[in-house]
Amino acid sequence: DAKTTQPPSMDCAEGRAANLPCNHSTISGNEYVYWYRQIHSQGPQYIIHGLKNNETNEMASLIITEDRKSSTLILPHATLRDTAVYYCIVRVPDFGNEKLTFGTGTRLTIIP
Amino acid sequence: DVKVTQSSRYLVKRTGEKVFLECVQDMDHENMFWYRQDPGLGLRLIYFSYDVKMKEKGDIPEGYSVSREKKERFSLILESASTNQTSMYLCASSKYDGELFFGEGSRLTVL
Numbered sequence: 230d231a232k233t234t235q236p237p238s239m240d241c242a243e244g245r246a247a248n249l250p251c252n253h254s255t256i257s258g259n260e261y262v263y264w265y266r267q268i269h270s271q272g273p274q275y276i277i278h279g280l281k282n283n284e285t286n287e288m289a290s291l292i293i294t295e296d297r298k299s300s301t302l303i304l305p306h307a308t309l310r311d312t313a314v315y316y317c318i319v320r321v322p323d324f325g326n327e328k329l330t331f332g333t334g335t336r337l338t339i340i341p
Numbered sequence: 020d021v022k023v024t025q026s027s028r029y030l031v032k033r034t035g036e037k038v039f040l041e042c043v044q045d046m047d048h049e050n051m052f053w054y055r056q057d058p059g060l061g062l063r064l065i066y067f068s069y070d071v072k073m074k075e076k077g078d079i080p081e082g083y084s085v086s087r088e089k090k091e092r093f094s095l096i097l098e099s100a101s102t103n104q105t106s107m108y109l110c111a112s113s114k115y116d117g118e119l120f121f122g123e124g125s126r127l128t129v130l
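Going line by line, the protein sequences match chains A and X.
Counting from 230, one number per residue, gives the positions in the first sequence under my numbering.
Counting from 20, one number per residue, gives the positions in the second sequence under my numbering.
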């Protein structure tokens, strides 16, 4: 699996859009981009994933660049409950070879 | 809803003890994973399993073993616990091509 690079920390004002970047410059053509978040003292929670098209669900939007070397997770109206560590990973479902590595993620703090 | 249940939220063990961490999922997922999480190091993969009795080493398997005798259960075993294995342990499961679902974690302290 390709590795990802994320900034260690970010702040965002409550009510504003939080934009979390992820670099995955060595991603291969069949690898998906997944985002998870971990709120303190809980297990990580799935947010969204995509291959090459932009995706949106009730939690967030995912923007993947045309060359697929980077992506941005957008939380459109951040609330205090969005304070968490956000992880970006790349993954290709490969039976027997799901060695998923998470890295250290981005610690997002929502400022009141 | 998918549920991944880890047997203990908090454990305290002594150096040299054998430790079992149990994980059960109720959605018939093929894949199961064990991670450990330490401050500043993120989530590191210890072992994963893609089928009953099948296991693969992750990035930090030393000092650990695993067992998957039934599809729903994946156990992490510390044969002889050491203080450097004090950590938060997280279990996860997924379908072959689906997202991961994590348990709440087991915080192990080895004295």
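The beta-carbon is built from N, C-alpha and C at its ideal position, and this holds for glycine as well.
These numbers were taken from a predicted model, which means no experiment stands behind them.
For S300 (chain A), the enclosing beta strand (DSSP E) begins and ends at S299 to L304.
Think of a sphere of 9 Å around the beta carbon of K328 (chain A): the chain X residues whose beta carbon falls inside it are L64, F67, E75, K76, G77 and D78, in chain order. When rounded, the separation of the alpha-carbon atoms in K76 (chain X) and Y54 (chain X) is 11 Å.
Along the segment 275-308 of chain A, the positions whose C-beta sits under 8 Å from a C-beta of chain X are Y275 and H278, read in chain order. With the rule of 3 Cβ pairs closer than 8 Å, the segment 317-330 of chain A does not count as touching the segment 266-273 of chain A. Put simply, the CB of F121 (chain X) is near chain A, with a gap under 7 Å to one of its CB atoms. Looking at A:K328, A:H253, A:G334 and A:I276, the one whose alpha-carbon comes closest to that of T294 (chain A) is A:H253. Assigned with DSSP and collapsed to three states, T338 (chain A) falls in strand.
By the rule that beta-carbons nearer than 7 Å mark a contact, Y115 (chain X) touches chain A. For a cut-off of 8 Å, the C-beta gap from Y275 (chain A) to L119 (chain X) is around 7 Å, short enough to register as a contact.
By the Cβ neighbour-count rule, P273 (chain A) is buried, with 16 or more other Cβ atoms within 10 Å of its own. For D240 (chain A), the enclosing beta strand (DSSP E) begins and ends at S238 to A242.
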